[in-house]
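Following: one structure in structure tokens, then a few remarks.
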Amino acid sequence: MVDRRVWNLKIRGKIALGYFMILLMLGLFLLVVSARISKLEAETVFLSDHDMKVHELTYQIEKNVLDMETGQRGYALTGKMEYLPPYNNGLAEWRINYAKLNGLIADNPAQVKNLQTIMVNIEKWIEDAGQYVIDLKRNGQNEAVNRFFQDDTGKSIVDSIRSQSEYFLDNERALTNARINTLKEGNHKLLLTMYILWGLVAVFAAVITVLIARSIVSPLSRVILAINNIASGGNLSERVRVRTHDELYDLGDATNRLLETVERDQWGSEQLSVMSILLQETTDLTVLCRTFLNKLASILELQYGAVYVLNAEESFERIYSYAGSDESENSVGVNKIKSGEGLVGQCAQDMKLRVLEDLPVDYISINSGLGRTAPRYLTLAPVIFENKTLAVVEIASLTKWAPFHFELLSKLVNMLGVTLNSVMTRMEIQKLYGESQVMNEELQVQSEELQVQAEELQSYTKELLALNGELEIQKSMAERSAVELEKYNEQLEQSSRYKSEFLANMSHELRTPLNSMLILSQLLSENRNESLNEEEQNYAAVIHSSGSELLSMINDILDLSKVEAGKMLVEVDAVNLTELPALLQSYFGKIAEQQNLEFTVVLDESVPDLFYTDELRLHQILRNLLSNAFKFTQQGSVKVEVSRLEAFQSLSYASEEPVLAFAVTDSGIGISDKNSQLIFEAFRQADGSTARKFGGTGLGLSISLQLARLLGGHIALNSIPGEGSTFTLYLPCLEEETGESYIPGAQWSETAVSSADERISAEKPTYRQNSDQFDKQYEQLHGRTVLIVDDDMRNIFALEKGLEPYDMGILTAQTGFECLQMVREHDDIDIVLLDIMMPNLDGYDTLSIIREELLLTELPILAISAKTMKEDREKCLAAGASGFMSKPVVLQEVVSQMCRLLAEGES
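Be aware that the sequence shown starts at 5, since it is given in the working numbering, and climbs by one per residue.
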């Protein structure tokens, strides 16, 4: 009966009983040996505190001598002061160690005498060899140093020190061994007693252990075997079976519940992942709803469903229904439901999931080819995004769902909310853009009609001047017409402003992903880790080239819009024409080599070194003309000739004053007479078919012609099909500053030189960084800490990857608040890359807080923004930015700017 009660104990009871018996035997054992152990402890403490310390100090003195000898020889050979610290440290420390060691062996006169002999030899070496050689080297007596090392009297002294130290240590080892032997003899009897007692305890403990282990290990082995089978096979449906009724039974039950939870969570995660991929691939609202409901039916086994989406009238419209037919759709429910109307509307208003059970038989029928039946359960789930109901999903099923089904449904509708908001926003933007285009056209038509009416009114006014009696009536009519005309002009200006704002916003939205795409593709094409093959590097180069072309296209469209609106600023400054050949060679020299074309730039002797015009616009026109020349020239040459003409006259342009002629001549395909004027129109090309051989948007020549007119000049074309073309830019040759800041006749605006700056950044050639430049920048940047602040993770990721080769400490933040927190918490931040356009707290306010409240006036901050107007740059600098760059940025320019700002901060 006693044994049976023992084995019915819990595991903790069995183990506690075994421990108690073992501890009882160990207590008797400890009583016997405790007295002897106390004595052994005292003797052992003496050995560790005295003998070990003596050995350690002896070795330390030898190390001090070795350090002095090493420092002396290194300084004598190289003359570098870096070798003297080991000598000086050894010179100071050996006397301290000698004093400690002498105190420990004071009770042994023989050893004290040996130690004194060692001391005398060390002092002799310091006087005759160590300090003597160092003094010679300091005084520049290199010949005396060489003669000393040829004789090397110090080596014999050091060898004597080593032999004496070894003799000293041998004596100490002998004393230590004698003490250890005494301990061994005293402990021999104790060991015999301990062996006997330990044997008895071990036998007793082994018996107890075997009995208890057998009762625990046997069922536990079955649990472990089952878990290993699950882990190795990956079958989460297998369950653990335990027959005992102790803690192992609870372990098996908990393991089974854990397996059920893991299996359920894994299944749910897989479904969420599949749904996410399907929703990301859809851009149409109907297709999105159909994809979601069809996939939801396969996941949750629903038999009927419908999606009601919020429309512009603030009512919920049924977009798609699952397992519905035309006949059933006409007889069941309505297509539009207002918020708060019915269960669907109330669910949208409450923003809570609702479940109804025991539906009536005539509620709705679920049909199949063989028959029909009524659902038993109804679920209404609101689709919410940013605390707003965007849609309601209604689901009918025959079976009751488990709680985890509802949890999965909540996650799925949240995912649908994000995608639905994105699709609806995209549709709204497209709709607004279309409406703005229509409104603009209507306003233009109305403006033309009003202009016609104004002309008619002027005619009527002249006729009525003869009729004095009707003068007041006609005057009042004219005033009313003028008011209406001003009203329509204001509407036209508002429409133009909307168009400009839309283009600016679209420019920002396009530049933000372009920024990360250009940086990452450039990094891939450079293959810094040498992990890509040549073909993959070519892929990355194609991506970078395509992104650059897309950026150029965006700039062309913006430039065309500004030209059409008459808002192009022309800023006159001195232009150094002697630098023009080198500049154009840097832009197009590589292209000419790749196409095997001869490229030359010739300045006529009559061309002045300096003349006054807008340099940025001049370069933009020449780059457009040269880009076309290289595009349409397969073999031969491209040539730029600059000459000075005293006067010029043609059908479309004439000047009595001197002009400069910039002629771009190529040996390409040429242009026919019928296309010679067409190519200067926006979006028009000589070959505009879908099978055309050469690409492009058709904006370059149109923009160039408009810019030439703004500069007071003209572009002429002379071409022969099959032989080549010559585009000549004529500009006024202003060799002296006129005192006016701008060319007369040019339209002025505050859009400044932003688009030209962007174009230079986008079109200038990308060079792979050479090793010397990288080493110089690496030396300046490695170990520094940079804080990257951007609300777009793609830009943060691109900049992180681009700065990794420089071994910088990189911190990131996605909002202005996170940026301020990082700056407060990290005192070691050396530079900040700050995005300007961020939600809640933008870059301007963040800059002001850092400079004015945190008083970090010296911290370099490089502002990066997709808005590149002149006033944006000036606003950033006024807020406290150290520098400004426009998106998309070139990584090498970012690194160069960082090096410049850090160098300025250090100086």
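Idealized CB from N, CA, C, for every residue including glycine.
Beta-carbon contacts of residue i that lie in its chain and below 7 Å, excluding the five residues immediately before and after
i, result
"Leu905", "Ile835, Pro864, Leu866, Ser886, Gly887"
"Gly909", "Glu862, Pro864"
"Gln275", "Ile303, Leu412"
"Met842", "Asp795, Thr819, Gly820"
"Glu609", "none"
Contacts around residue i, its chain only, beta-carbon distance under 6 Å, and the 5 residues preceding and following it disregarded
i, result
"Ser723", "Gly674, Ile675, Ser729"
"Val899", "Gln781"
"Leu815", "Leu791, Met826"
"Ser273", "none"
"Ala817", "Val793, Cys823, Met826"
"Arg788", "Met812, Asp834"
"Ala209", "Ile26"
"Leu300", "none"
Cβ neighbours of residue i in the same chain (closer than 8 Å, five flanking residues each side left out)
i, result
"Ser414", "Leu357, Ala385"
"Asn101", "Leu61, Gln64, Ile65, Asn68"
"Leu860", "Val827, Ile854"
"Ser693", "For Ser693, the pLDDT reaches just 38, beneath the cut-off of 50, and the residue's location in the model is therefore unreliable, although a value from the coordinates is still provided. So no residue of the chain qualifies."
"Gln168", "Asn118, Thr121, Ile122, Asn125"
"Asn580", "Asp613, Leu614"
"Gln589", "Phe603, Val605"
Cβ neighbour criterion (16 or more within 10 Å) applied to residue i
i, result
"Met812", "buried"
"Pro892", "buried"
"Ser706", "buried"
"Arg151", "exposed"
"Lys141", "buried"
"Glu73", "buried"
"Lys57", "exposed"
"Asp832", "exposed"
"Met355", "exposed"
"Pro113", "exposed"
"Tyr171", "exposed"
"Gln901", "buried"
"Asp366", "exposed"
"Gln115", "buried"
Euclidean distance between Cα positions of residue i and residue j
i, j, result
"Lys117", "Thr157", "24 Å"
"Ser485", "Leu721", "46 Å"
"Gly884", "Glu575", "26 Å"
"Arg713", "Asp577", "17 Å"
"Pro90", "Asp71", "5 Å"
"Asn600", "Ile719", "28 Å"
"Ser426", "Leu824", "30 Å"
"Pro662", "Asn679", "30 Å"
"Asp362", "Leu382", "9 Å"
"Glu439", "Leu447", "12 Å"
"Val291", "Arg430", "15 Å"
"Val37", "Ile184", "19 Å"
"Gly672", "Asp288", "45 Å"
"Gln350", "Gln434", "31 Å"
"Ser343", "Glu317", "11 Å"
"Asn232", "Val205", "36 Å"
"Val278", "Arg798", "23 Å"
"Ser654", "Glu660", "12 Å"
"Gly593", "Ser631", "12 Å"
"Ile747", "Glu897", "Only weak support is given to the placement of Ile747: the predicted model assigns it a pLDDT of 47, under 50, and the value that follows is read from those uncertain coordinates. Taking the straight line from one Cα to the other gives about 32 Å."
Whole-Å CB distance - residue i paired with residue j, under 8 Å assumed
i, j, result
"Ser932", "Leu306", "Absent from the structure is residue 932, since the part of the chain shown begins at 5 and ends at 911."
"Ala596", "Val642", "7 Å"
"Leu283", "Leu420", "7 Å"
"Phe731", "Leu629", "5 Å"
"Phe296", "Val396", "Going by Cβ atoms, the distance from Phe296 to Val396 rounds to 13 Å, so no, they are not a contact pair."
"Asp613", "Thr582", "5 Å"
"Leu424", "Leu461", "Incorrect: roughly 53 Å between the Cβ atoms, too far for contact."
"Val646", "Leu620", "In fact, because the Cβ distance is near 18 Å, the residues do not count as touching under 8 Å."
"Tyr657", "Tyr734", "6 Å"
"Leu837", "Leu803", "6 Å"
"Gly22", "Ile216", "5 Å"
Pairs of beta-carbons, one from the segment 793-807 and one from the segment 837-855, closer than 8 Å: are there three or more? Touching, yes, given that three or more Cβ pairs across the two stretches are closer than 8 Å.
Using a Cβ distance threshold of 8 Å, determine whether the segment 26-39 contacts the segment 129-136, with at least three qualifying pairs required. Not touching, per the Cβ criterion.
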